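Residue numbering for the sequence shown is 1 to 267, as defined by the UniProt record's numbering.
Below: one structure, written as structure tokens.
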Amino acid sequence: MFSWIRRRSVPISGGVVAAPVGDTLTLATFNVWFDDRYARDRYQAIADVLAREAPDVMVFQEVTRPALDVLLGQDWIRAGYRRAAVTGWRTGNYGHLMLARVPITRAVYVPLPTQASRGVLRAEVDVGDGSLVVGSVHLDSGKASAELRKRQLRRVFDDVDGSSDVVLLGDFNMRDDENDGITAPFEDVWPHLRPDEPGYTEDTSINLMRLDSTGKQRHVRFDRVLVKGSGWRPTRIDLLGAEPISPDQPRVFPSDHFGVVCRLERC
1 MFSWIRRRSV
11 PISGGVVAAP
21 VGDTLTLATF
31 NVWFDDRYAR
41 DRYQAIADVL
51 AREAPDVMVF
61 QEVTRPALDV
71 LLGQDWIRAG
81 YRRAAVTGWR
91 TGNYGHLMLA
101 RVPITRAVYV
111 PLPTQASRGV
121 LRAEVDVGDG
131 SLVVGSVHLD
141 SGKASAELRK
151 RQLRRVFDDV
161 DGSSDVVLLG
171 DFNMRDDEND
181 GITAPFEDVW
191 PHLRPDEPGY
201 TEDTSINLMR
211 LDSTGKQRHV
221 RFDRVLVKGS
231 GWRPTRIDLL
241 GAEPISPDQP
251 RVFPSDHFGV
261 VCRLERC
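So this is what it looks like as structure tokens:
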């Protein structure tokens, strides 16, 4: 049975005055994993990883109250970022968070046909000569949900069809045999910039915490960045959080997923 949540505007909060957008824009995504194991240590590790990058826009999936508390408790985030959140007590047991140090003019939560309270937190970013739409995406998981993910992705694409420049990033839960669902004018950035590297964001050969939690080997690129439009072009994409949180905890990683950071340049 599908669950539905009504589309609604999302308040934008935080006391900072957002900085204007220049000729480059860096965006990052992280599924923070809602599991309780080592949760606060992991969330702090995610914040520390992102502090080194200081992305212009950051999006997070599987955000719970403890994750929100840790992230919004960071001095550098409180001082420099506006925020929009649709969190667990409204969308199931977890939700989305978007943080931006560039102007956000509007944010909306877009529900999807789902069996797991999934949707998109979408915002319009003022880039000076127009707007860029940024969406934090979380699609249903599991091999059995492949057809549902195709429907969800079409719904996401339809939702931003009228926008010229769009970046969709987050946990798509898609395997490579589902790549035909990504259609023009959208481009999947990782294979475009790094075609000879798999870019796995769940990789149990590295992430021993993921292996310990499931007992199964997995190598998949669930977390992605898709770009549409002629205003911005991707020039860099990397994984984040692909190391243990400390030498003393070699089997604990920031999340069961690696994050992704992408740099865009104005065309």
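Glycine included, every Cβ here is placed at the ideal spot set by N, Cα and C.
What you are looking at is a predicted structure, and each value in this text was computed from that prediction instead of being measured.
Rounded distance between the beta-carbons of residue j and residue i, thought under 8 Å
i: Ala34; j: Asn93; result: The question names Ala, but residue 34 in the sequence shown is Phe. About 7 Å separates the two Cβ atoms, so the contact holds.
i: Leu169; j: Val127; result: About 16 Å separates the two Cβ atoms, so there is no contact after all.
i: Glu202; j: Arg210; result: 6 Å
i: Val10; j: Val137; result: Not quite, the Cβ-Cβ distance comes to about 15 Å (not below 8 Å), so this is no contact.
i: Leu112; j: Val86; result: Leu112 to Val86, Cβ: 13 Å. No contact.
i: Val252; j: Asp41; result: 7 Å
i: Leu148; j: Gly231; result: Between Gly231 and Leu148 the Cβ distance is about 32 Å, and since that is not below 8 Å, they are no contact.
i: Leu97; j: Leu68; result: 6 Å
i: Arg82; j: Ile182; result: With 8 Å as the limit, Arg82 and Ile182 do not qualify as a contact, their Cβ atoms being about 29 Å apart.
i: residue 273; j: Pro66; result: Summary: the structure shown does not reach residue 273, with the chain confined to residues 1 through 267, and so no result is reported for it.
i: Glu187; j: Val227; result: 5 Å
i: Asp159; j: Val189; result: Between Val189 and Asp159 the Cβ distance is about 20 Å, and since that is not below 8 Å, they are no contact.
i: Glu124; j: Arg101; result: Actually they do not touch by this definition, with Cβ atoms about 16 Å apart.
DSSP beta-bridge partners of residue i
i: Gly259; result: Leu240
i: Asp196; result: Answer is none; Asp196 lacks a bridge partner.
i: Asp223; result: Asp171
i: Leu264; result: Leu25, Pro234
i: Val63; result: Gly95
i: Gln249; result: Ser246
i: Ser13; result: Arg83
Per-residue burial, residue i [other beta carbons within 10 Å of its own, 16 or more giving buried]
i: Glu62; result: buried
i: His257; result: buried
i: Lys216; result: exposed
i: Asn207; result: buried
i: Lys143; result: exposed
i: Trp76; result: exposed
i: Asp140; result: buried
i: Cys267; result: exposed
i: Asn179; result: exposed
i: Gly22; result: exposed
i: Asp56; result: buried
i: Ser255; result: buried
i: Ala19; result: exposed
i: His219; result: exposed
i: Ala28; result: buried
i: Gly130; result: exposed
i: Ser117; result: buried
i: residue 268; result: Residue 268 is absent from the model: the chain starts at 1 and stops at 267.
i: Asp165; result: buried
i: Pro195; result: exposed
i: Arg8; result: exposed
i: Pro247; result: exposed
Coil, strand or helix - residue i by DSSP
i: Trp232; result: strand
i: Val32; result: coil
i: Ser205; result: coil
i: Thr44; result: A small correction: the amino acid at residue 44 is Gln; Thr does not occupy that position in the sequence shown. In the structure shown, Gln44 sits in a helix (DSSP, three-state: H, G or I).
i: Arg83; result: strand
i: Val57; result: strand
i: Ile5; result: Note that Ile5 scores 45 on pLDDT, short of 50, meaning its location in the model is unreliable; the coordinates nonetheless yield the value given after this. Of the three classes helix, strand and coil, the one that applies to Ile5 here is coil, per DSSP.
i: Ala19; result: coil
i: Pro191; result: helix
i: Arg52; result: helix
i: Arg37; result: coil
i: Arg218; result: coil
Any non-hydrogen atom of the ligand SAM within 7 Å of residue i CB
i: Val137; result: As presented, the structure is devoid of all ligands, the ligand SAM included, so that no description of it is given.
Handout entry: Residue ranges of each beta strand (DSSP E) within the stretch 87-128, 3 or longer
Key = 95-100, 104-111, 119-126
Exercise for the section: Jot down the residue ranges of each uninterrupted alpha helix (DSSP H) in the stretch 132-187, minimum 4 residues, whole runs only, in chain order. Expected result: 146-159
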